[in-house]
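Only one structure is covered here, and it is reproduced in the block below.
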Amino acid sequence: MKHLGRIHNTYTKWELIRLYNLSAEEKLDWLEEMLEFLESAMPPENKEIWMKFRSGELECLYNKPVPPENNHK
0 MKHLGRIHNT
10 YTKWELIRLY
20 NLSAEEKLDW
30 LEEMLEFLES
40 AMPPENKEIW
50 MKFRSGELEC
60 LYNKPVPPEN
70 NHK
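At position 55 of the sequence shown the residue is numbered 54 (numbering that gives the first Met the number 0), and the sequence of numbers has no breaks.
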């Protein structure tokens, strides 16, 4: 699978099992490493949006209910 202009990572079943079995502290360390990597690899314009979202300046629209008149089923 080719992803142009994007970083793509997959995990095998065994890697996922290993990650699942990590302690809470190890999982947090892994998450911090991933966030640092994402921040370093992100284009400046995306990083600006990401930082605004993390600071609360931007809202996540996915958590808002859809008004009935816009709810197309």
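Glycine included, C-beta positions come from ideal geometry on N, C-alpha and C.
Whether L21 touches W29 by CB criterion (8 Å): Here residue 21 refers to the residue found at position 22 of the sequence shown. Here residue 29 refers to the residue found at position 30 of the sequence shown. The answer is yes: Cβ separation under 8 Å.
Counting only beta-carbon atoms, is E25 nearer than 8 Å to chain C? The structure shown has no chain C; it contains just one protein chain.
Nearest-angstrom Cα distance between Y19 and R53? Counting from one through the sequence shown, the residue named residue 19 turns up at place 20. Counting from one through the sequence shown, the residue named residue 53 turns up at place 54. Whole-angstrom Cα-Cα distance: 26 Å.
Residues near L15 in its chain [Cβ-Cβ closer than 8 Å; skip 5 each side]: For the purposes of this step, residue 15 is taken as the residue at position 16 of the sequence shown. Once the five neighbours on either side are set aside, L15 has no close Cβ partner at all.
Among the candidates E44, S39, M33, whose CA atom is the shortest distance from the CA of N8? Taking the sequence shown and counting its residues from 1, the one referred to as residue 8 is at position 9. Comparing alpha-carbon positions, the option among E44, S39, M33 lying closest to N8 turns out to be M33.
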